[in-house]
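Asks: Below is one structure. I have some questions about it.
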Amino acid sequence: MAGGSSSSTAPAPSLVDSLFQRSLDDLIKSLRSQPAGAEPTLLSRALAEIRREIRSSDPDTKAIALQKLTYLSSLHGLDASWAAFHALELLPSPSPLHKRLAYLAASLSFHPSTTDVLPLSTHQLRKDLSPSSPPPFSSLALHLLSLSASPDLARHLAPDLLPLLSSRSSPPSPLRPKAAAAALRALSVCPDVVPHLFKPLVDCLSSPDPRVVSAAVGAFAELASSGDPSSYLPLAPEFYRLLADSRSNWILIKLLKIFARLAPLEPRLAARLVDPLCDLLRRSSAQSLVFECVRTVFSGLPDHDGAVRLAVDKVKDFLASADDPNLRYLGLRALSMLGPRHSWAVEESREAVIRSLADPDPNIRREALRLIMGMVFDSNVFEISILLVNYALKSDPIFANEILDAVLTTCGRNVYELIVDFDWYVSLLGEMARNPHCTRGEEIERQLVDIGLRVRDARPELVRVARDLLIDPALLGNPFLCRILSAAAWVSGEYVEFSRNPLELVEALLQPRTSLLPPLVRAVYIQAVFKVLVFCFNTYIDRLEISRLSSLGNSTTGGASSIIESKSTAAASCIADGTTGIESNDGIAIGDKPASLFSSIENKDPFTCESLTNMLILIETAVDPLAENDEVEVQERTRNVLGLIHMLREIPTWKTEEQGFIKDNRIGEIVNLLQSMFSEELGPVSVNAQKRVPVPEGLVLEENLANLAWTLAEDDTAPFMSISFSLRSHQHGETKDNAASSVQSTSLLAEHRKRHGLYYLPAEKDGTESNDYPRANDPLLPASQGDVSEDLVKLTDQSLIPRKVKHTKPRPVVIKLDEGDGVSTSPSTTVKESKDDLLSGAIHDVLLGKERKPSSSQKKYSDKSSRRRVKDVSDNGESVSLSKEKLDLGDREHRSSGSRRSKHRSHGKERHTSPQKNDEKEEKNHRNSTRSSHHHERHKHRQRGEALLDVAPQAPVIQDFLL
Amino acid sequence: MIHFVILISRQGKVRLTKWYSPYSQKERTKVIRELSGLILTRAPKLCNFVEWKGYKVVYRRYASLYFCMGIDADDNELEILEIIHHFVEILDRYFGSVCELDLIFNFHKAYYILDEILIAGELQESSKKTVARLIAAQDSLVETAQEQANSISNMIAQATK
């Protein structure tokens, strides 16, 4: 047959190709008999073969080539988009075999947006969809349309779908459900076709054929879940009727899906759904249906306690099904839908939930974890976190990290809003870091530093935790922990004044195994050493001076020189702070007797001349080799440290005698300078900070920096000095206060000062800002949440390590800058796609227009509802405006949208009047979201009423379909 | 809705793929690769649901073959399990105790059967009998057409001899 055409072009298939073409079976057999490695060559050879054969003019050869290609593309992942045209060529074939293959190839390879020959199929599809073609052909065309409908294709073929969609042949046509599915796809890709297809689709709901009903319900479930469900609210009575009548579980599940979307929009609908839903819950033996009921109740009717109670009981059955992991999984999922309002439900099944953490199935464990984390409040975060972190030690690595993740995210949420006891939380972070599976270094690092910056009261504990981490040589080898160690090094350098033993710290920071760390972390380590060094020298010198002063003060009455005093107070405050940290851990009140304070330091004092010399030697030997390090950060920090050491060495006096410091004041000056450099407190930076920095007058930011040279040539220490002065004076005041007050008031006062005086960047509005600070012991917080959380405290009654919450300690102040700071918790408004807007708008129009000739099923509701309307209006706050509007409508023959709009405005409620305003209306709907949806619904009824007026102005009936 | 149906063998070989949402070939390969890594490694007697990139994948193993369907997060997992079972039963009835080889050598028939059960990612026919009847009708249509064609070509072949 194909012999004649073989002579045309060079690569065209020859007769030999056609005669000896490999069939699909041959291809499959050859693929299966090959060793695994040879597959790619075999595939490319087969593909070359197909490329040649597919251009044959013989339909048989072409069809077999296409079939082989389809096989290769769908099962071996080869690209078949190049053959789209060849599939098209075979579509019109009269042979059912070829047609079937061509449609199969097309449905598997066509892509609505990338297949450029798709428009060429329009004609053939139309032909196959026509009633005159055999039903199997139409079925193939419907399948292709449902899979690869582009907006254009949908628009052109919508009229051809109509006869299939509205056929009422006596043996129900098998094509009608398929047409409904194709119509769904056409509607969702192209809202323009709504006027054609929507009404026939609605009519399908009342078809006697359950298949058609099922397809239509499925289509509406899909539409309602992808778009704005309020558009389908007018169809609620029809769905309700089906819910009552239908016996098919498939249909019922889809109906419940629709109602789960509609019920939150319309409380009356929800109220009416309770009975049938409870009925189904009690009666049905199909678990899938029961689960759907549970889900509908939880998401749609959370206010109806009876239904929720029943559903929760079903969930308990699910959770208790030992032999079916599916039901256990779904039970947990369902519970997590309930939310904190119904935490009693979780409380009731807490045993099952906690047991699920040890389930063999990781998915069930994860679900249980998610559920538990959803129920965490500030009162139980303590127990739950400890329970989970301990459990993480015993579980497998993946789940352990999921647990750590969950705990970190929950506790860190909204700037640690759940955490009251930061000492506990910081030590928990330390424990997490020691979990052998821990790979969450980055987040722990972030939180350690963040807490250091934000929570002043947590710093002593933070330094203690950091020391424990730094001192452990085993942790250095773990690459996941180096970030945590970096944070620990930074914390212990920055807040070294809280450290019990700076010498030990230096040793830890310089231990040989630090060579395992990545360069950037090493740089942090060395910088920390630098800070510790400066601190030690500073403390030492200050202590010397104070002792000298006190001896002076004893002999000559109070005649200490003012210069020395101003210098020493800064250091004294440091020491005082240091001891505050140390001693508050032991629970001893501090700061009442400065004399004893100093002597206590003296006792276990690391700051002797000898120990400082040792420290210098230690640092020098450990750091010296790094001065030639390749990494610039490490090198630079090292050189800083070495530079300081050399500078100190050059001053010879101090080596010989302690008093040398005082004789040669240079050391004191150097150290003080550096100390003041480090003593300025770092604070968290708001994300909006940059905006708040005012541009100084006369500063031109775009100007070239060339003439900056002379500015630098001037004495550049001047501005630096001024900063250090201001700091000192600040600290001076603080020490005085510290000495006079108790622990709590110390921290509070310091915070107060911090808030109003020393702020990292001044806030715009201090007054309102201060309201954002969660007050310690705020009575409002526990009161609002106490009720719900009480149950959850019990959740962990059986926890592994029962511990009591220490309510004695007030929550320290956590610095929180503004709303932009940290993780925003405000729910982001969902922005719907414009297509959805168009679709729901179009459907809305159709439903509007439909009222002009109401369908039979809705007629019977209309007269009932008009009666109901009166009742409804009376119990509604809008009654006045409604009746007024009705009067207006009665008076008016023609509607003038402009004047009406102004009237609506005068009612004070935004009404959507003309269809032209659709866009605006949609926007508004999204903005107002759920709260307004009720009004929106109501309004729709009114609109419909208006539409009815055109037909019968004497009877202004406003339908209420929900009855 | 169901976004895709994938049949994978225990060894990770793909036996059938059907996509009800538009995916490019590259995305398809990626989905298959990631899902087979996710599903084939799961031990037996675990739950049949896997979360994957905002979708849920419901899978069920029959002999050496995993039937997987990707669905939306709010779809009913148990219903999808029913659909999978429904599909398997129909395949079983059609091929007469179906095995993996049946699907390999008759991959197009598996597609035709699937097309009678699902359309546009929704279940369209819940009756096994009806599906069997529709498939049989199509097969006979094709067969009679083939017989006719064969007889004509036979005649031509006879005539040209």
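Residue numbers (the numbering used here), protein chains in the order written: chain A, 498 to 1460; chain B, 17 to 177.
The beta-carbon is built from N, C-alpha and C at its ideal position, and this holds for glycine as well.
Small disclaimer: the values here were computed from a predicted structure and weren't measured.
#1: Grab me the residues of LEU672 (chain A)'s own chain with a C-beta within less than 8 Å of its C-beta, minus the 5 sequence neighbours each way, in chain order.
#2: Check whether chain D comes within 7 Å of GLU550 (chain A), counting only Cβ atoms and requiring the distance to be less than that.
#3: Pull up the CB-CB distance for SER989 (chain A) and LEU967 (chain A), whole angstroms please, since I reckon it's below 8 Å.
#4: By Cβ distance, which residues of its chain are closer than 7 Å to VAL1168 (chain A), with the 5 residues on each side in sequence left out?
#5: Return helix, strand or coil for SER1176 (chain A), following the three-state DSSP convention.
#6: Could you please give the first and the last residue of the uninterrupted alpha helix (DSSP H) stretch that includes SER143 (chain B)?
#7: Go ahead and pull the three-state DSSP assignment for THR567 (chain A).
#8: What three-state label does DSSP hand MET872 (chain A) in the structure shown?
#9: Strictly below 9 Å CB to CB, what residues from chain B border THR558 (chain A)?
#10: With respect to the alpha helix (DSSP H) encompassing ILE18 (chain B), which residues constitute its N-terminal and C-terminal limits?
#11: Please report the distance separating the alpha-carbon of VAL66 (chain B) from that of ASP858 (chain A).
#12: Which residues in the same chain as ARG792 (chain A) place their Cβ atom closer than 8 Å to its Cβ, once the five residues preceding and following it in sequence are excluded?
#13: For the stretch 703 to 733 of chain A, enumerate the residues whose C-beta is nearer than 8 Å to any C-beta of chain B, in chain order.
#14: Please classify ARG1435 (chain A) as buried or exposed, where buried requires at least 16 neighbouring CB atoms within 10 angstroms.
#15: Mind pulling the chain B residues with CB within less than 7 Å of TRP747 (chain A)?
#16: Taking 7 Å as the threshold (beta carbon to beta carbon), is PHE123 (chain B) in contact with chain A?
#17: Would you verify that the beta carbon of ILE883 (chain A) is, or is not, closer than 7 Å to some beta carbon of chain B?
#18: Does the stretch 798 to 811 of chain A come close enough to the stretch 105 to 119 of chain B that 3 or more CB-CB pairs lie under 8 Å?
#19: For VAL74 (chain B), which of helix, strand or coil comes out of DSSP?
#20: List the residues of chain B whose Cβ lies closer than 7 Å to the Cβ of ARG682 (chain A), in chain order.
#21: Rounded to whole angstroms, what is the Cα-Cα separation between ALA1468 (chain A) and ARG548 (chain A)?
#22: Tell me, please, which residues DSSP counts as bridged to GLY86 (chain B).
#23: Along the chain, where does the beta strand (DSSP E) that runs through THR33 (chain B) open and close?
#24: Along chain B, in chain order, which residues have C-beta atoms closer than 8 Å to that of ASP522 (chain A)?
#25: Establish whether the CB of GLU789 (chain A) and some CB of chain B are separated by less than 7 Å.
#26: With distances taken between CB atoms, is the gap from LEU1006 (chain A) to TYR992 (chain A) smaller than 7 Å?
#27: Measuring only the C-alpha atoms, how far is ARG58 (chain B) from VAL1190 (chain A)?
#28: What is the DSSP secondary structure of ASN887 (chain A), counted as helix, strand or coil?
#29: Give a yes or no on whether 7 Å exceeds the smallest Cβ distance from THR57 (chain B) to chain A.
#30: Taking the beta strand (DSSP E) that GLU67 (chain B) falls in, what are its first and last residues?
#31: Which value, in whole angstroms, describes the spacing of the CA atoms of ALA79 (chain B) and SER666 (chain A)?
#32: Determine the closest residue to LEU644 (chain A) out of B:CYS115, B:GLU116, B:TYR82, B:ILE135, with distance taken between C-alpha atoms.
#33: Got a sec: which bits of the stretch 562 to 576 of chain A sit with their beta carbon under 9 Å from any beta carbon on chain B, in order along the chain?
#34: What does the Cβ neighbour count give for ASN64 (chain B), buried or exposed, with the cut at 16 atoms within 10 Å?
#35: Would you identify the three-state DSSP class for ARG134 (chain B), choosing helix, strand or coil?
#36: So, for ILE24 (chain B): in the same chain, excluding its five sequence neighbours on each side, which residues have a beta-carbon less than 8 Å away from its beta-carbon?
Replies: The relevant details are as follows:
#1: PRO632, SER635, SER636, LEU639, LEU661, SER664
#2: The chain labelled as chain D is not found among the protein chains of the depicted structure, namely A and B.
#3: 6 Å
#4: VAL1031, PHE1034, ASN1035, ILE1038
#5: helix
#6: It is not in any alpha helix (DSSP H) - SER143 (chain B) carries neither H nor E in the DSSP assignment.
#7: helix
#8: coil
#9: Here the premise fails: no neighbours, minimum Cβ distance about 14 Å.
#10: Per DSSP, ILE18 (chain B) belongs to no alpha helix (DSSP H); it is in the beta strand (DSSP E), 18 to 25.
#11: 11 Å
#12: LEU753, ALA757, ALA831, MET834
#13: ARG708, SER711, ALA712, GLY715, ALA716, GLU719, SER722
#14: With a pLDDT of 46 at ARG1435 (chain A), under the threshold of 50, the modelled position of this residue cannot be trusted; read the value that follows with caution. Buried is the call here.
#15: LEU139, SER142
#16: yes
#17: no
#18: no
#19: strand
#20: ALA136
#21: With chain A represented from 498 up to 1460, any question about residue 1468 (chain A) goes unanswered, as that position is not in the structure.
#22: B:PHE20, B:VAL73
#23: 30 to 35
#24: PHE121
#25: yes
#26: no
#27: 55 Å
#28: helix
#29: no
#30: 65 to 68
#31: 43 Å
#32: B:ILE135
#33: GLN564, THR567, TYR568, SER570, SER571, LEU572, HIS573, GLY574, LEU575, ASP576
#34: buried
#35: With the sequence shown as reference, residue 134 (chain B) is identified as Leu, and Arg is not the correct amino acid for it. It is a strand residue.
#36: VAL30, ARG31, ILE48, LEU51, SER52, ILE55, LEU56, LEU81, TYR82, CYS84
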